[in-house]
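Encoded as structure tokens, the structure appears first; notes follow it.
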Amino acid sequence: MKLIRFGPVGNEKPGIINKRGVKLDVSGFGQDYNEHFFENDGIKRLITWLSKNIDSCPTASDAERLGPPICRPSKIVCIGLNYTQHALESGMQLPKEPVLFFKSTTAICGPNDPVIIPKGSQKTDWEVELAVVIGKKTSYVSEEEAMAYVAGYTVHNDVSERAFQLEHEGQWVKGKSSDTFAPLGPWLVTSDEIDDPNNLDLWLKLNGETMQNSNTADMVFKIPHLISYTSQFMTLLPGDVISTGTPFGVGMGLDPQRYLKAGDEMELGIDGLGVAKQLVKNY
Ligand code: ZN
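To get this note's numbering, take the position in the sequence shown, counting from 1, and add 3.
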């Protein structure tokens, strides 16, 4: 199933994409896609509800804004340097264990919302990533059991300000957390629809030019390991996002380096998870 949320910022309604690709409003189900929804078998309950009510669900107009496909989660955990060539282009060593960092949840926005270059930024950069959405609370989960805790997958642009991240007492969290630095969507695709999340093409174009073009098979640490590893250090709650790292081709790695400016358009997508498009604006 493909879950969407649509409507004005902060007032999104839950919806789905039906088999014909039409957006349906499922607010009649009575629950948004939040922690409580995932924790209490929301996906299963929604399927049951739809089996009786799908014909009476209103359609949502294509003109409606898409919001992030999940409510604001308790945390976004990001994995750094998880593709070999990206570690090299960043001038960093390939890590022996996953590199974890947080991204502020206030950075979350819709898949086609503008990305805002923050005040004082010189080096705002792009990063297409496969984001895993957790479906059940877990800690100390084994690799073997980890995939049972996945609700689904979505596209994430891990927008990054490299000077905030790496210069002047830079911290990764500082460079990753500005408003609009985490566009999610267009859809949350439930895990049953993705045969092998470790084998999906992912790409990003800037103003029509392909900048990133890779496959999640190139990840150094695979999804079961990332979930298990993260859960050794924190409890994962339903709706939490683990963003699995970006492949080669970010602006920082180019010679000369290239960063986003107002008027640029990013388009990014992952096999089976849809396409997002973001116009860049100044604060
Ligand atoms: Zn990233």
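All C-beta atoms in this analysis are idealised placements derived from N, C-alpha and C, irrespective of residue type, glycine included.
Rounded separation between G83 and T249 - CA only:
C-alpha separation (whole angstroms): 8 Å.
Helix, strand or coil for P227, going by three-state DSSP, please let me know.
helix
Where the beta strand (DSSP E) containing T157 begins and where it ends:
153 to 160
Around the C-beta of V12, are 16 or more other C-beta atoms found within 10 angstroms, so that it is buried, or is it exposed?
exposed
In whole angstroms, give me the CA-to-CA distance for N216 and K280.
16 Å
In the structure shown, what three-state DSSP assignment does I50 receive?
helix
Mapping DSSP to helix, strand and coil, what is Q215?
In the structure shown, Q215 adopts extended strand secondary structure according to DSSP, grouped into three states.
Extent of the continuous beta strand (DSSP E) to which L27 belongs:
That run of the beta strand (DSSP E) goes 26 to 28.
Candidates F9, R48, A265: closest to D65 by CA position:
F9
With a threshold of 6 Å (Cβ to nearest heavy atom), would D161 be considered close to the ligand ZN?
yes
Under the rule that 16 or more other beta-carbon atoms within 10 Å means buried, what is P259, buried or exposed?
Burial call: exposed.
Between the stretch 108 to 126 and the stretch 203 to 223, can you find at least three pairs of beta-carbon atoms closer than 8 Å?
no
K122, buried or exposed, once every other Cβ within 10 Å from all chains shown has been counted against 16
So K122 counts as exposed.
Which residues does DSSP list as the beta-bridge partners of A134?
Answer is T157, S246, bridged to A134.
Regarding C81 and the ligand ZN, is the C-beta to nearest heavy atom distance less than 6 Å?
yes
Cut-off 6 Å between Cβ atoms - residues of its own chain near E146, not counting five sequence neighbours on either side
P227, H228, S231
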